[in-house]
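All remarks here apply to the structure that follows.
2 protein chains.
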Amino acid sequence: MPESRKLVLLAGVFLLTLVNLTQSGPIALRTPEDWDNAPSFGDRLLRKRSPTVSERPGCKEGATIPPNRVNTTKRLIDLRIQMDLYNISAYIVTSDNAHQGEEVAPHDHRREFICGLSGSSGTAVITKDAAAVWTDGRYFLQAENELDCNWILMKDGEAGVPNITAWLREVLKTDEKVAADPTLIGTTTWQRYDKDLAPIEFEPLPTNLIDVIWTTGRPPVNTEPGFILHLNYSGESWQDKVDRLRAELPKQGADALVITALDEVAWLLNIRGSDVPNHPVLLAYMYVSSTQLVLFAETSKISSPEMQTHLTGVTQRPYDRFVAELPDLAKSASMVLIPSQFVYTGGASYAVYNAIPETKRLLKPSPVLMMKAKKNTVEAEGMMNAHLKDAVALCDVISLMVEEIPKGVRWDELKVSAELLKYRAQQEVNKGASFNTIAGYGPNGAIIHYSASEETNAVIGTTSLFLLDSGGQYFDGTTDVTRTLHFGTPTAAQIKAYTLVLMGHLDLARLVFPKTTRDARVDVLARAPLFDQGLDYLHGTGHGIGHFGSIHESPTRVALGSSVENTFFENYFFSDEPGYYKAGDFGIRIESILRVIPTTFSTEFPDRFFRFQAVTLVPFERKLIDVTMLSDGQIDYVNDYYILVRQKVGAEMTKQNRTRAYNWLISQTEPLMLPEPVNKGVSIANKQVWVGIWTQLFISMFVVFKFY
Amino acid sequence: MPESRKLVLLAGVFLLTLVNLTQSGPIALRTPEDWDNAPSFGDRLLRKRSPTVSERPGCKEGATIPPNRVNTTKRLIDLRIQMDLYNISAYIVTSDNAHQGEEVAPHDHRREFICGLSGSSGTAVITKDAAAVWTDGRYFLQAENELDCNWILMKDGEAGVPNITAWLREVLKTDEKVAADPTLIGTTTWQRYDKDLAPIEFEPLPTNLIDVIWTTGRPPVNTEPGFILHLNYSGESWQDKVDRLRAELPKQGADALVITALDEVAWLLNIRGSDVPNHPVLLAYMYVSSTQLVLFAETSKISSPEMQTHLTGVTQRPYDRFVAELPDLAKSASMVLIPSQFVYTGGASYAVYNAIPETKRLLKPSPVLMMKAKKNTVEAEGMMNAHLKDAVALCDVISLMVEEIPKGVRWDELKVSAELLKYRAQQEVNKGASFNTIAGYGPNGAIIHYSASEETNAVIGTTSLFLLDSGGQYFDGTTDVTRTLHFGTPTAAQIKAYTLVLMGHLDLARLVFPKTTRDARVDVLARAPLFDQGLDYLHGTGHGIGHFGSIHESPTRVALGSSVENTFFENYFFSDEPGYYKAGDFGIRIESILRVIPTTFSTEFPDRFFRFQAVTLVPFERKLIDVTMLSDGQIDYVNDYYILVRQKVGAEMTKQNRTRAYNWLISQTEPLMLPEPVNKGVSIANKQVWVGIWTQLFISMFVVFKFY
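Protein chains in written order, with our numbering: chain E, 1 to 708; chain R, 709 to 1416.
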């Protein structure tokens, strides 16, 4: 899946406008130069007040109210009673849970509860007499449909829209107080709010006011226990990982570390869980020093005898005691590393940061994150295997669609998602999806973060393109693959657009590059063919991917406009996913996972280079490729890839007796060939020669017989 | 010319090892990861002491001493007497003048005087009983030949070689004192030395000790006066530029600015001079605030009536009063912007920095630098015109070589430089070369910063490649162009290598890219074809270029490994110069200047993009191009370029009656064509058809006549 979703979530509202520059849908694009010239907030006020409720469609006198609007009147009354109790003039509700990760359990959808907007990104702010929600371009339409007239919609990135703190300074008096739950806001964001609100006070409130008022209809927390990821999947014991981490800490300038990211706890201790949708992790924190190794997790979830044996040597404390016990734990440390926000990783909350004594705080990217990104041999081979199985499942579904759709069998977007879940579940050690499938036919495919609902669910036809971005979780790896398909006869314009995207995809995939190269510096290769035609895609080209973990894993981010760059290392895994989205018409994205591997040459630079190994093994849409647009290098790459796909996936399909999928696979992986004008020319000409010869022979014979 | 030379000069010794990673010649390459694992200086000492004099070839017992060594014994005795007078234990002599620019007048070659090394880069350090000079890989061989046995050669970037401060800490006691001239060392470097030497004291000595002892044989300072660059070349009055600068200062957080870079003074006041070789500038400083506008320059050089009229409104003070008068000038300012080191720009010296009261110092890149980089319309058209004239001169010399060399007429590298100077001088408003020509035949071409001397001067033959990197200064612009030529029949290996370099050159030149793109992020395009074959070049791909100014102008630097990135703006001019250097065999570099221009599309992104306009108009070496290796896009670009070259340069040659050059130009700019198998196939086949038809007709006739 495109990594923009995660980034938007994590960067928080203060980054939203910036992110929108390269990430989001139908919003105005502005260059950095424009930003310099952009009106200050003060200037904006002169031109236009902040948006109001009365500007919203359906909130004007006599307007029709969309049917999906959530009535939040009582919720807001309840919340304001609580705000009064705490003498608070404004309360901020974010979309995050306490771990600042991408996926959040329904139990933690506090922002959705208070305002009704079900989109994954947004921040709600409630004052005594107003309520506003900030969201980005992806959710503008949805927000208009779901927010009732209690809510002002703040369209991030649009002109005249203030940010949260500017709005609060506009509507509050300087002696009023803003509050939020410090466990649900990352340190960097919290500190910025605090600074920008001054002299208005920003108070960390220990009680979460949404939790107080959300007494009915709240989804329960998951109760499934955690489980062990055994050595045959993890490749390294947690004891060895902890040893390596402890050796790393002094290099980072610390002698202790808090771990707040769920996938970091999971990776370090080789445990997993089912607490968050699509993300096989357990809600947990850790504290690590040279002498301490403490896991904070729900006792009931790690109480099995196997888990207890596995965790021998790990001090176990209840999940909800983490922040409270931090000051005590940190007593013996001289410097505690607190994870900062970094690429896709939200970093520690302000509550965690605040619990460490001021002189002992070292805010920087978690070293666990960097260790985890370099997959060990078992993990790397597991990733290859997971993608092999995943290819079988995906090809099986596609081959069924190819068989049925032209015959008129009804396939809609939701059915594709359901079938994919079913077919992935047939593969060994599958643990469901790695994210909600993005299946978009025609115009739906042009919505970058589309998620089909009952309302939007389109029937897949034979005239437009079908974009399918999905992935699975397996004990041996996490997958993420996008293919764009056509079930009829594509138009020339569709073929050209697809081929342009494919060219960029291939040019990145086949790159050889020095080992010191940073990720953001190779992005241009994936875009150059589109740029050349005046086209582009408003999301990053690639994101790191975890091993039975996060679908968007730091640090790799391939993005031309990214301000953070990270060097590639051996056995980094990441996605290569350029696209093109023609609003109202179709969407194209081609995504494969690549693995960073060394390569040698017998030149004066024998060991200077890395290259990428193809991890995803699914054919491209053959009928959408205009071979004459491809370079020799691109054609060679595709044909080598096809041989590999046949060898690996073909064999696995044979093993699994999946004949339909196998036949489709073979038909899709015939070598690409340029029209061969030489042979064609000669063969036509030869035909002419023979026509000439036979004609003349006939004439000769005629003459002979006539006159003889 | 490749921009590495300038960078090395400016970055100073502390950057040399880092720079060597991507810049220099035959030194070991280390990745950033290696750096993390590199032994600390303490570790190195355990393995190996710092280099000593006795390790140098020719300094061992009974060795033969190279003839070029400069006897520095008396100079060192003189210097040490001065050091004693000032109670100094070590004295640092850098290669810079007081303006930290690239080009330095012979009068200021203090480091060369004290140690004998004539290379442009190096720092000498003299203690009471030792003398050491640090230089980079480009000058190792030269240093061995030129340094006498008073000198330890410190090969920057090689294992076991300490940096300057580490060595001084090794050889001095902690109560000893190191000194240097603070006007000749940039602020950043000075502060680092100061920090790294502690507790050893680092003293800014007002008297330059080399100036005291260099009493005979010192080249005089230039006495030619400065001159005005009139509005028809500059395009904007200095008054308007100063107005713009003054409006910019508050945005930068300052109300005053010192200008120490020579090309910034020249640009701001529309004046030029002849004080520095190849660099048309006047030695001068400026101080600018909302009420003050002060020029510090040698009075005799700006005393002409025209200049005095031109400078009406500018307060004029003697050049050597600058540092002394700064405290007084700054009295009315609340914050003074002091230029920091930035890309190719050295920034203000420590003496300048130190002259501003501590609370008023704002060290950041000069705003003049950023204003200057965006050429106005007159400057931009001037650059185009200068490159057109320059193309005529260069093609004329090349066409003469093409005519004469195969006939056996002797052309050597120095002759090419001399002829180029002569031919460029025939063009309107030429003011000599913009840098020392790099003309390298065969193995000499593989030395990236080669400069032919009487000793190395090679005769240009017909078997290897000839690399020619040169440029001119014109009132209307500065040029810099590299073409690689072959005067005989190239080998397949030579053709393949040249074509790989050309492919990268073209892929960068034909790029379309979003206006927000940063320079370092497009570099990979120029290298990808070489990477693919396990090849690379150890220098940047491109550098900004000034208008009748610096050959390496900040901020543009296209370099995959650069840590600083800058966004492209309209009318930035920079070089596109990938290369390949096969040590001991040949060198290839193809360099053209490109201009950043907007481009529009009738897509959903009509105004999103920039593209590059070709500024340099000189044909590529036709016989070195393997057309079958090029993509359709590359061939189209070359053929469009050829049409442009014929139109522009052809017309100018006709105007100038340069028939030889014109004929060569036309012969070199025939469209590139792929071997056309279609037509060939058909035409052969058609022939067969006709043979068949005629044969049969003949048979028919034979039959008819025989049997009739």
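Ideal Cβ positions, reconstructed from N, Cα and C, are used throughout, including at glycine.
Residue i CB to nearest chain E CB: under 7 Å?
i: Phe910(R); result: no
i: Arg1229(R); result: yes
i: Leu1243(R); result: yes
i: Phe1309(R); result: yes
i: Val1076(R); result: no
i: Phe1294(R); result: no
i: Glu996(R); result: A small fix is needed here, since residue 996(R) is Val in this sequence, not Glu. Output row for Val996(R): interface = no.
i: Val1232(R); result: yes
Can you tell me where the beta strand (DSSP E) with residue i in it begins and where it stops?
i: Met994(R); result: 992-997
i: Tyr233(E); result: That residue, Tyr233(E), is in no beta strand (DSSP E); its alpha helix (DSSP H) goes 231-234.
i: Gln1321(R); result: 1317-1322
i: Val801(R); result: 798-801
Out of the options, state which residue places its alpha-carbon closest to the alpha-carbon of residue i.
i: Ser300(E); options: Arg622(E), His449(E), Thr223(E); result: Thr223(E)
i: Leu293(E); options: Leu245(E), Gly58(E), Phe573(E), Met1(E); result: Leu245(E)
i: Gly534(E); options: Gly587(E), Asn385(E), Ala497(E); result: Ala497(E)
i: Pro67(E); options: Tyr139(E), Trp664(E), Leu147(E); result: Leu147(E)
i: Gly1116(R); options: Ala1094(R), Ala1081(R), Lys1139(R), Phe1195(R); result: Phe1195(R)
i: Ala969(R); options: Glu810(R), Leu905(R), Glu909(R); result: Glu810(R)
i: Ala839(R); options: Leu849(R), Gly824(R), Asn853(R), Arg846(R); result: Gly824(R)
For residue i, report the span of its alpha helix (DSSP H) as first-last.
i: Glu1121(R); result: 1121-1133
i: Arg788(R); result: 781-793
i: Asp240(E); result: 238-251
i: Asn1093(R); result: 1085-1112
i: Lys1204(R); result: 1200-1217
i: Leu329(E); result: 322-329
Against chain R, with Cβ distances strictly below 7 Å, would residue i count as a contact?
i: Leu15(E); result: Low confidence applies here, because Leu15(E) scores a pLDDT of 37, under 50, leaving its location unreliable; read the following figure in that light. Not closer than 7 Å to any Cβ of chain R, the Cβ of Leu15(E) fails to qualify, so no.
i: Leu209(E); result: no
i: Asp576(E); result: no
i: Leu560(E); result: yes
i: Phe342(E); result: no
i: Phe531(E); result: yes
When every heavy atom of the ligand GTP is checked, does at least one fall within less than 6 Å of the C-beta of residue i?
i: Phe601(E); result: This structure lacks the ligand GTP, and indeed carries no ligand of any kind.
| request: Would you be able to state if there are at least three C-beta pairs under 8 Å between the stretch 939-955 of chain R and the stretch 1038-1054 of chain R? | output: The stretch 1038-1054 of chain R, when compared against the stretch 939-955 of chain R, does not touch it at the 8 Å Cβ threshold.
| said: Taking beta-carbon pairs under 8 Å, can you tell me which members of the stretch 1311-1322 of chain R lie near chain A? | reply: No chain A is part of this structure, whose protein chains are labelled E and R.
| said: Residues of the stretch 622-653 of chain E in Cβ contact with chain R at a cutoff of 7 Å, in chain order, please. | reply: Within the stretch 622-653 of chain E, the residues whose Cβ lies closer than 7 Å to some Cβ of chain R are Ser631, listed in chain order.
| query | Which residues, in order along the stretch 498-515 of chain E, keep a beta-carbon less than 9 Å from a beta-carbon of chain R? | reply | Against chain R - using a Cβ distance shorter than 9 Å - the residues of the stretch 498-515 of chain E are Asp507, Arg510, Leu511, Val512, Phe513, Pro514, Lys515.
| message | Any contact between the stretch 125-132 of chain E and the stretch 98-107 of chain E? By contact I mean 3 or more CB pairs, one from each, below 8 Å. | response | With the cut-off at 8 Å, the stretch 125-132 of chain E and the stretch 98-107 of chain E do not touch.
| query | Between the stretch 935-963 of chain R and chain E, which residues of the former have CB atoms less than 9 Å from a CB of the latter, in chain order? | reply | The residues in question are Lys959.
| request: Count the CB pairs spanning the stretch 600-607 of chain E and the stretch 470-485 of chain E that are closer than 8 Å, and state whether there are at least three. | output: No, they do not touch.
| request: Mind checking the stretch 966-978 of chain R against chain E and listing, in chain order, the residues whose C-beta falls within less than 9 Å of any C-beta there? | output: Residues: none.
| said: To be precise: take each residue of the stretch 467-500 of chain E, compare its Cβ to all Cβ atoms of chain R, and keep it if any distance is under 8 Å. Which residues remain? | reply: Taking a C-beta cut-off of 8 Å against chain R, none of the residues of the stretch 467-500 of chain E qualify.
| query | Are the stretch 1227-1242 of chain R and the stretch 1270-1283 of chain R touching, with three or more C-beta to C-beta distances below 8 Å? | reply | Cβ pair count under 8 Å is three or more, so yes.
| Given 8 Å, three or more beta-carbon pairs between the stretch 653-661 of chain E and the stretch 622-630 of chain E | The answer is no - the stretch 622-630 of chain E does not touch the stretch 653-661 of chain E, with fewer than three Cβ pairs under 8 Å.
| Segment contact, 8 Å Cβ cut-off, at least three pairs: the stretch 1245-1262 of chain R with the stretch 965-984 of chain R | Here the stretch 1245-1262 of chain R makes contact with the stretch 965-984 of chain R; the two share three or more CB pairs at distances below 8 Å.
| request: Could you tell me whether the stretch 1091-1109 of chain R touches the stretch 1161-1181 of chain R, using the rule of 3 or more Cβ pairs below 8 Å? | output: Judged by Cβ distances under 8 Å, the stretch 1091-1109 of chain R makes contact with the stretch 1161-1181 of chain R, as three or more pairs qualify.
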